[in-house]
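Residue numbers for the sequence shown, in UniProt numbering: 1 to 197. Think of the CB as a built atom: it goes at the ideal place given N, C-alpha and C, for glycine as much as any other residue. Here the structure is a predicted model, which means the values were calculated and not measured. Accompanying notes for the structure given below.
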Amino acid sequence: MRQSMLMSWLIPLAVFLLLAAIAGRWIGFRAQNPDFYAESGPEFVLTEHLNGPILCEGIIYGPLGRVSSTFVAQMSGEWNGTTGTLAEDFTYSTGNTQLRKWYLTLGENGQFTATADDIIGEARGIQRGNAVRMSYRIKLTEEAGGHVLDVTDWMYHTGDGVIINRSQMRKFGIKVAELVATMRPASQAASESLAAE
């Protein structure tokens with residue numbers, strides 16, 4: 001009798017978890033396909049929109065969906081043909097700072113690769129229309145737990161050089177953090193600040 005009671009709720013729970021896993025894979029953030037954006041504009045041109053001084057402002061959500069941190073980053077992109085760098089200088093609301101430098105290499109048909117010191121192996125990216133998707137594994141700093149996370153970045157060019165960045169970080173397939181940020185040319189950000197005064 002006890003075993004049948006256990007099975008009466010264990011089987012529905014297993015079915016629910018299986019359906020949730022399937023839905024997570026085929027519905028929502030992870031189900032996006034770069035080809036969905038192939039006809040969308042304005043075109044995201046990596047060598048143009050990730051070039052020069054860039055101001056990035058964002059928030060990071062923890063595993064429970066609450067804001068765990070905010071940040072401002074000064075970025076600088078430089079390109080020489082099909083290779084480029086994107087230097088990032090982050091200041092977090094906690095007072096912590098972080099420097100990262102991406103090394104990007106453009107390939108064919110909108111594909112590209114990228115490396116950085118805290119990236120395991122190589123990030124792989126693809127650009128279609130106004131969108132860029134990049135997938136990689138990142139090793140967090142020891143202060144942040146030293147965990148290795150699977151990251152999917154989506155960046156969308158919305159016009160006037162503005163980019164909206166949404167990233168999800170997962171461990172064992174479970175979302176543990178999400179980042180939402182804006183990126184825009186630093187000169188544009190300075191002009192907007194002056195206009196607001």
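- Terminal residues of the beta strand (DSSP E) in which His157 lies: Val148 to Gly159
- Task: Count the other CB atoms, across all protein chains shown, that sit within 10 Å of the CB of Val132; report buried if there are 16 or more and exposed otherwise.
- Result: buried
- Query: What residue ranges within the region 17 to 104 form continuous beta strand (DSSP E) runs of no fewer than 3 residues, ordered along the chain?
  - Reply: 52 to 61, 67 to 80 and 83 to 92
- Item | For Glu88, the nearest candidate out of Thr94, Leu64 and Glu57 (CA to CA) | Glu57
- Task: Could you name the residues that DSSP lists as bridge partners for Ser187?
- Result: Ser187 pairs with nothing; no bridge assigned.
- Query: Which residue from Gly110, Ala73 and Ile174 puts its Cα closest to that of Asn165?
  - Reply: Ala73
- Hey, how far is the Cα of Glu139 from the Cα of Ile120? Here the sequence assigns Lys to residue 139, which means Glu is not the residue at that position. Near 7 angstroms, if we compare the C-alpha coordinates of Ile120 and Lys139.
- Query: When we look at the beta-carbon of Gln127 and count the other beta-carbons within 10 Å, is it buried (16 or more) or exposed?
  - Reply: Burial check for Gln127: the Cβ neighbour count within 10 Å reaches 16 or more, so the residue is buried.
- Pairwise C-alpha distance: Leu179 and Tyr61: The alpha-carbon separation between Tyr61 and Leu179 amounts to approximately 6 angstroms.
- Message: With the cut-off set at 8 angstroms, would you say Arg184 and Val162 are in Cβ contact?
- Response: In this structure, the beta-carbon distance from Arg184 to Val162 falls below 8 angstroms.
- Item | Three-state secondary structure (DSSP) of Glu178 | strand
- Query: Between which two residues does the beta strand (DSSP E) carrying Phe112 extend?
  - Reply: Counting along the chain, the beta strand (DSSP E) containing Phe112 begins and ends at Gln111 to Thr115.
- Query: What residue from Gln168, Asn130 and Ala144 has the CA that sits closest to Phe36's CA?
  - Reply: Cα-wise, what sits closest to Phe36 is Asn130.
- Message: Looking at the strands, I want to know which residues DSSP matches up with Gly125.
- Response: Phe112 and Met134
- Message: What does the alpha-carbon distance come out to for the pair Val67 and Phe44?
- Response: 28 angstroms
- If you count every other CB in all the chains shown that lies within 10 Å of the CB of Ile174, and 16 or more means buried, which is it? exposed
- Message: Give me the DSSP bridge partner(s) of Leu106.
- Response: Phe112
- Note down the Cα distance separating Leu194 from Ser135, rounded to an integer number of angstroms. With a pLDDT of 43 at Leu194, under the threshold of 50, the predicted position of this residue should be treated as unreliable, though the coordinate-derived value follows. Answer to the nearest angstrom: the Cα atoms are 37 angstroms apart.
- Identify which residue in Gly52, Thr158, Phe71 and Thr83 has its Cα closest to the Cα of Gly77. Gly52
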